[in-house]
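Beneath this line is the structure, given in structure tokens, with notes to follow.
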Amino acid sequence: MQAPSVMIFQYVSKSKVILIYSSAHHSNMELPTVSVIIPTKNSSATLERTLKSIHSQTYPAIEIIVVDNFSTDGTHEVAEGYADSVFEVGPERTAQKNFGAAHAKGKYVYIVDSDFVLGRTVVEEAALLAERGEFDGVLIHNTSDPTISFWSKVRKLERDCYRDDPVHVAVRFIRHDFFNHIGGFDETMVAMEDYELHKRFLEAGGKLGYIGAEEVHIGEPQTLGEVARGFYYYGKTLSHTLKKSGTVRQSSPFRGAYIRHWRDFASHPILTVGFLVYNVVKFFSALAGFVAGKTR
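First residue of the sequence shown? That's 1 in the numbering used here, and the numbers climb one at a time after it.
Dropping the structure here:
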């Protein structure tokens, strides 16, 4: 396949660098391989859409690695139909991600959760920006699919506040050798490990770029009960998570991004009420999990 070329226009706006690419082609450019690593656990409901979105990328040099946590719902079978390599590793997703990176052949590793759909140009934009700009990592905005439920609309309103936020972001497209240099993910963590990795990425002097293409989260909650159960589970490990430097700010319900985007909330009063309800449920569920973890 002929390699796509790019025209890069860089402008500074809150330290953001946007890649805008043309449809021209450049046959003399050798494309580096991007290893897409997908940790899974009983992910059959969403995994096929995730994998299809990777196969539909405009960038041809992609290796797909699925690292499954001993699923019982057919996840392994779905993965085998699309991935270059499928492994079974536990006990948590941090170990799965590190295992995938250890077996990756690409110059770049890109961690994609099993319930995300990638915009068609995500890998192309990230890889070419990293190559031309000599970035160690690229930030890719992730948003929520608003068609799933009322609560997914609420989460999209919230997530889109972080598009220009320097705090609630985490790099997941990283040059492979730099990922190894900073030691990969902390395998003692089961939540917020991406923020902790991002902190170490910056401390090591990692150079970041931004792109315009997005990931869309399709594993959105349909009920508040789902929200409560998820945050209760993560709350049980909150004590350990908060000990990790660099994750306290991301745990706070008081975020400057909300203030900067107050017009978005004002334009959607019903979703804003839902946002308040969602966050009350989220933080009280996490608190209940925290107490349960402490007493245990």
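C-beta atoms are modelled at their ideal positions from N, C-alpha and C, and glycine is treated no differently.
In this text, all values refer to a predicted model and were calculated from it rather than measured experimentally.
- Separation of Ser85 and Glu63 (C-alpha to C-alpha, rounded to the nearest whole angstrom) is 8 angstroms.
- Separation of the CB atoms of Ser144 and His55 is rounded to 23 angstroms, and the pair is thereby denied contact status at 8 angstroms.
- Counting only runs of 4 or more residues that sit fully inside the region 113-199, the alpha helix (DSSP H) segments are 122-133, 150-159 and 176-181, in chain order.
- Proximity of the region 255-269 to the region 155-165 meets the contact definition, three or more beta-carbon pairs being nearer than 8 angstroms.
- Of all alpha-carbon atoms in Leu202, Ile65 and Val34, the one lying nearest the alpha-carbon of Ala79 is that of Ile65.
- Bridge pairing for Glu77: absent [DSSP].
- Within the region 81-112, the complete beta strand (DSSP E) runs of at least 3 residues fall at 85-88 and 108-111.
- When Ser152, Thr75 and Leu129 are compared, the shortest CA-CA separation from Thr272 is found for Ser152.
- Within its own chain, the residues whose Cβ lies closer than 6 angstroms to the Cβ of Glu88, once the five positions on either side in sequence are excluded, are Asp68 and Phe70, listed in chain order.
- When the five nearest sequence neighbours on each side are left out, the beta carbons in the same chain lying within less than 8 angstroms of the beta carbon of Glu220 are those of Ser144, Asp145, Ile148, Ser149, Trp151, Ser152 and Arg155, in order along the chain.
- If you draw a straight line from the Cα of Lys105 to the Cα of Ser35, it comes to about 7 angstroms.
- Rounded to the nearest whole angstrom, the C-alpha separation of Ala130 and Ala45 is 32 angstroms.
- Within a 10 Å sphere around the beta-carbon of Arg159 sit 16 or more other beta-carbons, which makes this residue buried.
- If you look at Tyr210, you'll find it in the beta strand (DSSP E) that goes Leu208 to His217.
- Ranked by Cα distance from Thr295, the options Lys282, Leu276, Thr237 and His261 are led by Thr237.
- Within the same chain, Cβ atoms closer than 6 angstroms to the Cβ of Thr121 are found at Thr58 and Ala213, the five residues on either side in sequence being excluded.
- Ile37 is a Cβ neighbour of Ile111, given a cutoff of 9 angstroms.
- Assignment of beta-bridge partners to Ser35 by DSSP yields Glu63 and Val109.
- CA-CA distance, Asp73 to Gly209, rounds to 38 angstroms.
- Here Leu128 is not near His268, since their CB atoms are 9 angstroms or more apart.
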